[in-house]
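**Student:** Plus 349 on top of the position in the sequence shown (first one is 1) and you've got my numbering.
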Amino acid sequence: MKLFAAFTKVEDNADGTLSIEGIASTESVDSDGEVVKAAAMEEAIPDFMRYGTGAMREMHQPMAAGTVDKAEVVEGKTLISGTVVDPVAIAKVKARVYKGFSIGGKVTGRDELNKKHVTGVRLVEISLVDRPANPDAVISMWKAEALEETDVLAKDETTGTVEQIETVVIPPNKGDDFEQVWVSKRDQSQHPKKADLIAHHKALDDAAALADLTGDAMGKLGEIEAITKREFSTEERDAAAKDGHALPDGSFPINNVSDLENAVHAYGRAKNKARAKRHIIRRAKALGATKKLPEGWAGSTKKAEGEGDLSKALSLECVADMLQLLAWMDRMEDSYEAGYFWPEAVIPSDEMKNRFGALLVEFGDLIADSLDMVLGSMGEEEAGEAIQRGELLINIAKAGARHSQSDMADLQGAHDALVKLGADCGMGKAVASEDLEKVEGDETLLKKAYDQISARLDEVLPMVKGMKEHNDALEKRIKEIESQPVPAKTAGVIAAVSKEFDTIGASAEPVISKAEAEKMLEALSPEDRAIALIKISHGKPYTMTPRG
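#1: Where R535 and A590 are concerned, what is the direct C-alpha to C-alpha distance, given to the nearest angstrom?
#2: Quick one: Cα of S582 to Cα of D554, how far?
#3: Between the Cα of E711 and those of E829, E584, L882, W646, spot the shortest distance and give me the residue it belongs to.
#4: Does the stretch 632-643 come close enough to the stretch 673-684 to have 3 or more Cβ pairs within less than 8 Å?
#5: Helix, strand or coil: which one does DSSP assign to S533?
#6: I need the DSSP call for L367, collapsed to helix, strand or coil.
#7: Quick check: the Cα distance between A881 and G888, rounded to an integer number of angstroms?
#8: Quick one: what does DSSP say E474 is sitting in, helix, strand or coil?
#9: Over the uninterrupted alpha helix (DSSP H) stretch that includes F397, give me the two end residues.
#10: Within 10 angstroms of its Cβ, does E370 collect 16 or more other Cβ (buried), or is it exposed?
#11: For V788, which of helix, strand or coil comes out of DSSP?
#12: Which of helix, strand or coil does DSSP assign to L709?
#13: Assign V442 to one of two classes, buried (16 or more other C-beta atoms within 10 Å of its C-beta) or exposed (fewer than that).
#14: Pull up the distance between the alpha-carbon of G425 and that of E376, whole angstroms please.
#15: If I475 and M408 are in contact, beta carbons under 8 Å, what's the gap, nearest whole angstrom?
#16: How would you label Y447, buried or exposed, when you count the other beta carbons within 10 angstroms and need 16 or more for buried?
#17: Starting from S886, trace the alpha helix (DSSP H) both ways and give me its first and last residue.
#18: Roughly how many angstroms lie between the CA atoms of S607 and A444, to the nearest whole one?
#19: List the endpoints of the continuous alpha helix (DSSP H) containing G606.
#20: With DSSP as the reference, please indicate the residues paired to I372 in a beta bridge.
#21: For the beta strand (DSSP E) holding I452, just list the boundary residues, first then last.
#22: Compute the Euclidean distance between the alpha carbons of K702 and H614, then round it to the nearest angstrom.
#23: Compare the Cα-Cα distances from L709 to each of I696, R680, L720 and report the closest residue.
#24: What's the C-alpha gap between R618 and I696?
#25: For G415 and A440, which I take to be in contact (beta-carbon distance under 8 Å), what is that distance rounded to the nearest angstrom?
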């Protein structure tokens, strides 16, 4: 659903934006014979304005032109007003390229008796368009102050029709070959956003007002505030942080020597001074402007010139000792910042922990600067040789780090298994030897141990393979047994039963012979015998068949 409505008001604002108004819809019959009910529009407005303003675009394309600031239904008419902020869109409205609104949405309900009456809509966006359905629905340009209220109402009544059109699709401008900026007429500074320009002008106004009140005493402070706030927008700070030219939060951006001087002046206001200091020193080295650093800072050229040739008092051995001390301090920091202590220990405060960390970082920077000075005092050949040795040590350390504790345990277990199988690695003699240099140089002994282990591996590997296959077969058999159904719980234990006890039930009386029964009856008294016979007759009654 796209409904067209011409502009009824276009007004220039002092900040360069453009205010526009128009009637979005009425309950009049459009060119397709449909009627959009005012109640449907009134129900759709809260969802459309749920973020405070609605979306205003160009030609129904994903290009934001401004905002819909207000939308309301008055006497059956849906009135909308908005602000156009895009300079290109403003120029097109003023040049009458864009002649009206086109409301884009979706029909969600129709009248059951008359399908031409739309009772439910969902507004998505409102676009500036160039093609009105009604030739008379054109834009009139004027200043609001020059019109009477009656003229505005008359214009509303003549241009408030709603037409449905097919929007002409215009591909969005990719903007690859130009950049749109805002230029200040005060100092010709450029800003990517209008909000940045307004903030810049506000900063200039505040600085001027402060200078009028305090005079030259606060002039320098005003300059510093202007420097720290005027040069970098939010996007520029994010880009500088991504390139490493600023701290991760965008503070202290340093792209050139001027920015470096500003950062040194603003260093005292940093929340984390140690972190800001390290960043400033690193950027000064990258820009080759270490002379701009204060004398007391590590890496400052002024410090080296003022205190003579420090490299004469330093050496690689000294730097190595400092590295060992740094490693010890690093381990102490872990203990210092741990969350658990013995009962008698005193837990340090957070401020003391931060000081310890800052000290560790500062000492690390000092070691790095010392190493740079020592290498700088050497000849190119000596420095290259030292670097090569350092790289060799680093590679050795990396190779050792690749073997974790679990890997070493696995290797030791393999060695022990081979020894149990009879392998002789020859290390017993080596351990007993007191001359380690001879052991290192005895290549024959090492080769013999290697050959013995390799020969045993040829014997062990088939055994291991056979054991693995046997183990797999056992596991397979166990799974087959486990998968067989369990016998029924009602099944009893198999037992031999004689004919004497083979009755219909386990609890049935055993069968006796006739002689045994007569003998038992004769042993009874006449009274008991009579009772027993009565019970027997009741248990097995005999049916008499009448004669005849």
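All C-beta atoms in this analysis are idealised placements derived from N, C-alpha and C, irrespective of residue type, glycine included.
**Tutor:** So, from the data block:
#1: To locate residue 535, count along the sequence shown from 1; it is residue 186. To locate residue 590, count along the sequence shown from 1; it is residue 241. Going by the C-alpha atoms only, they are around 29 Å apart.
#2: The residue labelled residue 582 in the question sits at position 233 within the sequence shown. The residue labelled residue 554 in the question sits at position 205 within the sequence shown. Straight-line Cα distance between these residues: approximately 18 Å.
#3: In the sequence shown, the residue the question calls residue 711 occupies position 362. Comparing alpha-carbon positions, the option among E829, E584, L882, W646 lying closest to E711 turns out to be W646.
#4: Contact between the stretch 632-643 and the stretch 673-684 is absent, because fewer than three Cβ pairs lie under 8 Å.
#5: Reading the sequence shown from its first residue, position 184 is the one you call residue 533. Note: S533 maps to coil in three-state DSSP.
#6: For the purposes of this step, residue 367 is taken as residue 18 along the sequence shown, with counting starting at 1. Looking at L367 - three-state DSSP - the assignment turns out to be strand.
#7: Taking the first residue of the sequence shown as 1, we reach residue 881 at position 532. Taking the first residue of the sequence shown as 1, we reach residue 888 at position 539. Between A881 and G888, the C-alpha separation is close to 11 Å.
#8: In the sequence shown, residue 474 corresponds to position 125, counting from 1. Looking at E474 - three-state DSSP - the assignment turns out to be strand.
#9: Stepping through the sequence shown from its first residue, residue 397 is reached at position 48. For F397, the enclosing alpha helix (DSSP H) begins and ends at 387-397.
#10: Residue numbering aside, residue 370 sits at position 21 when the sequence shown is read from its first letter. Burial call: buried.
#11: Counting from 1 along the sequence shown, the entry for residue 788 is found at position 439. Caution is warranted here: a pLDDT of 48 is assigned to V788, below 50, making its placement in the model unreliable, and the coordinate value is therefore given only provisionally. Note: V788 maps to helix in three-state DSSP.
#12: The residue you call residue 709 lines up with position 360 of the sequence shown. Looking at L709 - three-state DSSP - the assignment turns out to be helix.
#13: Working through the sequence shown from its first residue, we reach residue 442 at position 93. Per the 10 Å Cβ criterion, buried.
#14: Numbered from 1 along the sequence shown, position 76 holds the residue referred to as residue 425. Numbered from 1 along the sequence shown, position 27 holds the residue referred to as residue 376. Going from the Cα of G425 to the Cα of E376 covers about 7 Å.
#15: Here residue 475 refers to the residue found at position 126 of the sequence shown. Here residue 408 refers to the residue found at position 59 of the sequence shown. The pair is not a contact, with the Cβ atoms about 12 Å apart (cut-off 8 Å).
#16: In the sequence shown, residue 447 corresponds to position 98, counting from 1. Taking a 10 Å sphere around the C-beta of Y447, we find 16 or more other C-beta atoms and assign the residue as buried.
#17: Here residue 886 is taken as the residue at index 537 of the sequence shown, counted from 1. Segment 875-888, the alpha helix (DSSP H) holding S886.
#18: Along the sequence shown, read from residue 1 onward, the residue named residue 607 stands at position 258. Along the sequence shown, read from residue 1 onward, the residue named residue 444 stands at position 95. C-alpha separation (whole angstroms): 44 Å.
#19: Here residue 606 refers to the residue found at position 257 when the sequence shown is read from its first residue. The sequence as given places Val at residue 606; Gly does not occur at that position. Note, V606: alpha helix (DSSP H), 606-614.
#20: In the sequence shown, residue 372 corresponds to position 23, counting from 1. Note: I372 sits in a beta bridge opposite L428.
#21: Working through the sequence shown from its first residue, we reach residue 452 at position 103. That run of the beta strand (DSSP E) goes 449-459.
#22: Numbered from 1 along the sequence shown, position 353 holds the residue referred to as residue 702. Numbered from 1 along the sequence shown, position 265 holds the residue referred to as residue 614. Between K702 and H614, the alpha-carbon positions lie close to 27 Å from each other.
#23: Translated into the one-based positions of the sequence shown, residue 709 becomes position 360. Comparing Cα-Cα distances from L709 to each of I696, R680, L720, the minimum goes to R680.
#24: For the purposes of this step, residue 618 is taken as the residue at position 269 of the sequence shown. For the purposes of this step, residue 696 is taken as the residue at position 347 of the sequence shown. Going from the Cα of R618 to the Cα of I696 covers about 30 Å.
#25: If you number the sequence shown from 1, residue 415 lands on position 66. If you number the sequence shown from 1, residue 440 lands on position 91. About 13 Å separates the two Cβ atoms, so there is no contact after all.
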